[in-house]
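To start, the structure itself, in structure tokens.
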Amino acid sequence: MKAKVEFSDTSCKITRRNHRATSMHYHDYFELVYVCAGSAVHKTSTETRKVKSGNYFIIDYGTHHKYEDGDEQFEIINCLFLPEFIDGSLMGCTSFREIASCYLIKFHYADLLGLPVNRAFDDDDGEIRRLFEKMSLAFEQKSIGYQELIRCYLIEIILSTLCKLSGGASGEYSDEKVAYICQYVEKHYRQSIRLVDICEEMHFSLPYISKTFKSVTGETFGHYLQSVRIRNACHLLAQSEKSVEEIAYEVGYSDTKHFRKIFKEHMKMSPLHFKKFCSK
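Residue 865 in the numbering used here sits at position 26 of the sequence shown; the count goes up by one each step and never skips.
Structure representation (structure tokens):
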């Protein structure tokens, strides 16, 4: 069942709920949840976990989940948001991976020791709860600038969470080779890039690196390169007065027709339509 939420004058909504039980559902937005009191069982399509006071978690776009066996004290703060709430250039994104790697946050899944979505984190020092409470109060009062305040608090929570999963020991999703390739693409996406050339530089075979990259990131190198270029194109379309032709060239496409085709495949709309939408 698809959950419906009305986003009124903003693309973010903060609510407090006492969910003792819900049916399995999904939504076409992102959800950040903090457990203020009590406990319940939280189920997704892949795992079952008991969540309790002091836990918080990120539910990815389209994830099926539900609560059950909640006690009488079970209370949560829900932050529901569309990707464009963080930045207009994220409109149309359907994966938290894209939010994590956007220019305001700049984290790559290859650098993390685990996935940040659909898992519970502990708020050891209470700082995350303070940020949730600030978001809730700002949303309730709706004073001048409240959306910008909520955006800042939300980005701080996301950054704090991603920092917990970064650095240090090697882990299932931490691979130095893949991290190097991702960083290389971020720096050189404007240029002509071939994975075979990167493999030669790293002294690894193309089949090995291709397989490793796909297993770590969940996508092929070619698709990842396209995603980085289109993400940067979205930012330029939303934030600059440059033409589609100029932007295509700036993000690594010498053929504007090909750029328009790739952009539409990723964003489900033309670059010009996207630019007009962001200017509203």
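A virtual CB, placed ideally from N, CA and C, is assigned to each residue, including glycine.
Best match in the options for proximity to residue i [C-alpha to C-alpha]
| i | options | result |
| --- | --- | --- |
| A939 | F971, D899, L919, I1020 | D899 |
| L1034 | Q1022, S1049, G1057 | S1049 |
| A1077 | T1051, H1097, L1111 | L1111 |
| S884 | C1117, A1018, T902, Y906 | T902 |
| Y1019 | C1002, L1004, C1038 | C1038 |
| K1096 | M1106, E1084, H1105 | E1084 |
| G927 | K1081, R1070, H1105 | R1070 |
| S999 | D964, K981, D1014 | D964 |
| H947 | E1040, R888, Q1022, H858 | Q1022 |
| V1024 | Y865, K852, L1001, G1061 | G1061 |
| Y1063 | E1040, S1093, H1105, S1079 | H1105 |
| C941 | L1075, I989, K852 | L1075 |
| C1002 | I944, I925, K889 | I944 |
| I853 | S1079, L871, H864, H866 | L871 |
| Q1030 | S1093, H864, R958 | S1093 |
Sequence-distant residues of its chain with Cβ nearer than 6 angstroms to residue i (five each side left out)
| i | result |
| --- | --- |
| Y1028 | V1067, R1068, G1091 |
| R855 | I916 |
| Q986 | T849 |
Beta-carbon spacing of residue i, residue j below 8 angstroms
| i | j | result |
| --- | --- | --- |
| S862 | D910 | no |
| A860 | Q912 | no |
| K960 | N917 | Just to set this straight, residue 960 is Phe in the shown sequence, not Lys. Contact flag unset, no. |
| I996 | L954 | no |
| Y992 | F920 | no |
| K891 | K905 | no |
| E914 | V880 | no |
| F1113 | C1073 | yes |
| H873 | R968 | The question names His, but residue 873 in the sequence shown is Tyr. Against a cut-off of 8 angstroms, the Cβ pair of R968 and Y873 comes out as a contact. |
| I1032 | Q1065 | no |
| V956 | I994 | no |
| T1051 | K1016 | yes |
| I1086 | R990 | no |
Own chain residues within Cβ distance below 7 angstroms of residue i, not counting five before or after
| i | result |
| --- | --- |
| T933 | Y900, G901 |
| E923 | S850, L929, M930 |
| F1116 | M930 |
| L1004 | L951, L952, G953, P955 |
| K1103 | S1109 |
| K1082 | Before going on, a small fix: residue 1082 reads as Ser here, not Lys. So the list is empty, once near-sequence residues are dropped. |
Residue i Cβ short of 7 angstroms to the ligand MG heavy atom set
| i | result |
| --- | --- |
| R888 | You won't find the ligand MG in this model; it holds no ligand whatsoever. |
Close beta carbons around residue i, own chain, < 8 angstroms, minus the five adjacent residues each side
| i | result |
| --- | --- |
| D962 | Y873, G893, N894, Y895, R968 |
| T887 | V880, H881 |
| K889 | S878, A879, V880, H881 |
Q: May I ask you to verify whether the stretch 966–982 touches the stretch 1051–1067, counting CB pairs closer than 8 angstroms and requiring at least 3?
A: no
(Q) Assess contact between the stretch 923–940 and the stretch 1036–1045, defined as three or more Cβ pairs (one per stretch) separated by less than 8 angstroms. Is contact present? (A) no
Q.
Please give the ranges of any alpha helix (DSSP H) in the stretch 1007–1044, keeping only runs that are unbroken, at least 4 residues long and fully inside the region.
A. 1015–1027, 1034–1041
(Q) If we require 3 or more residues per run, which beta strand (DSSP E) segments fall completely within the stretch 945–1003? (A) 959–961
Q | Every unbroken beta strand (DSSP E) within the stretch 863–899, with a cutoff of 3 residues, ordered by chain | A | 869–876, 878–883, 887–891, 894–898
Q | Sequence ranges, alpha helix (DSSP H) only - wholly within the stretch 1046–1110, length at least 4 | A | 1060–1078, 1083–1089, 1095–1106
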